[in-house]
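Trainee: Residue numbers (this note's numbering): 716 to 974. Think of the CB as a built atom: it goes at the ideal place given N, C-alpha and C, for glycine as much as any other residue. The model shown is predicted, which means the values in this text are computed figures rather than measured ones.
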């Protein structure tokens with residue numbers, strides 16, 4: 716079968732293959748072109764989606780902080796500050812709890828504290844009284860202020876006299892205040908407190924031997940405590956009903972004046 720050829724407008728022959736394309740219906744050509752365009756559009760949208768995902772991934776990667784010495788230091792400082800704030804908050808809470816605990820004191824405890832304060836105040840006031848001061852002076856007496864003799868006589872210096880005061884020596888007339896007690900039971904048998912001072916000449920035998928020896932050397936204003944054995948006091952005979960025989964005597968004496 717012989718294929719017939721046609722001529723174009725210039726007179727050249729045209730093969731039947733070329734005419735086949737032109738013979739394709741126009742509707743089919745449009746469908747093929749639309750299909751190709753749709754595939755190209757899908758491919759383009761896919762590429763755009765891929766590009767968008769890649770861009771998002773790059774942004775995410777860029778947002779990840781790469782550890783550096785500077786960033787490590789900042790993180791360490793933040794942790795230290797956070798720990799410090801936590802400790803300060805804990806201390807504040809502890810202080811609040813302690814304050815609340817103190818506020819919750821029971822009435823009994825508050826009353827006990829007030830009572831203790833009153834006791835301390837009263838004790839301080841007692842220590843400031845003249846009698847307490849004298850006792851304190853006596854307590855401070857050490858071994859250098861106490862003299863003990865072989866026969867039992869004891870001379871204790873209770874209070875020092877005036878630095879430049881007159882001195883009691885043998886032959887001088889002196890004025891004394893005193894309180895006499897029995898050593899056995901502390902009973903007072905004689906005293907001239909709140910009375911005129913007792914005057915005598917020292918070392919002349921006008922008083923018992925315990926006084927002549929125990930008072931010698933005193934300065935005006937000085938106080939002593941004399942513990943006198945019977946041999947230097949009233950001996951075996953005693954002194955009336957007030958001082959039994961063989962009694963040990965205790966005298967608190969003060970030198971008032973020396974003439």
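Helix, strand or coil: which one does DSSP assign to residue 662?
Mentor: Given a span of 716 to 974 for the chain in the structure shown, any question on residue 662 remains unanswerable.
Trainee: Hey, how far is the Cα of residue 869 from the Cα of residue 956?
Mentor: About 25 Å.
Trainee: Of the residues 893, 881, 888, which one's Cα is nearest the Cα of residue 919?
Mentor: Out of 893, 881, 888, 888 has the C-alpha closest to the C-alpha of residue 919.
Trainee: May I ask which residues mark the beginning and end of the beta strand (DSSP E) holding residue 884?
Mentor: Per DSSP, residue 884 belongs to no beta strand (DSSP E) and is neither H nor E.
Trainee: Establish whether the CB of residue 923 and some CB of chain C are separated by less than 7 Å.
Mentor: Going by chain labels, chain C is absent from the structure shown, which holds only one protein chain.
Trainee: Which same chain residues, not among the five before or five after residue 928, have their C-beta less than 6 Å away from its C-beta?
Mentor: Excluding sequence neighbours, residue 928 sits near nothing in its chain.
Trainee: What is the DSSP secondary structure of residue 737, counted as helix, strand or coil?
Mentor: Residue placement at residue 737 is flagged as unreliable, the pLDDT there being 45, under the threshold of 50; a coordinate-derived value is accordingly withheld.
Trainee: Cα-Cα, which of 922, 968, 947, 916 is closest to residue 974?
Mentor: The residue with the shortest Cα to Cα distance from residue 974 is 916.
Trainee: Would a C-beta distance cut-off of 7 Å place residue 935 and residue 970 closer than the cut-off?
Mentor: Closer than 7 Å, so yes.
Trainee: For residue 933, which three-state DSSP category applies?
Mentor: If DSSP states are grouped into helix, strand and coil, residue 933 belongs with coil.
Trainee: Apply the 10 Å Cβ neighbour rule to residue 835 and answer buried if 16 or more other Cβ atoms are within range, or exposed otherwise.
Mentor: So residue 835 ends up on the exposed side.
Trainee: Pick helix, strand or coil for residue 802, following the three-state DSSP scheme.
Mentor: In this structure, residue 802 counts as helix in the three-state DSSP scheme.
Trainee: Expressed to the nearest angstrom, what Euclidean distance is found between the alpha-carbon atoms of residue 913 and residue 923?
Mentor: In a straight line, the C-alpha of residue 913 is about 14 Å away from that of residue 923.
Trainee: Residue 959: which of 829, 948, 967, 966 sits nearest, CA to CA?
Mentor: Considering only alpha carbons, the answer is 948.
Trainee: Let's see if you can read the secondary structure: which residues bound the beta strand (DSSP E) around residue 940?
Mentor: Start and end: 938 to 943.
Trainee: If you reduce the DSSP assignment to three classes, tell me which class residue 890 lands in.
Mentor: The answer is strand: DSSP assigns residue 890 an E or B state.
Trainee: Pop quiz: residue 879 and residue 931 are said to be a contact at Cβ under 8 Å. What is the actual Cβ separation, rounded to whole angstroms?
Mentor: That pair is no contact at about 19 Å.
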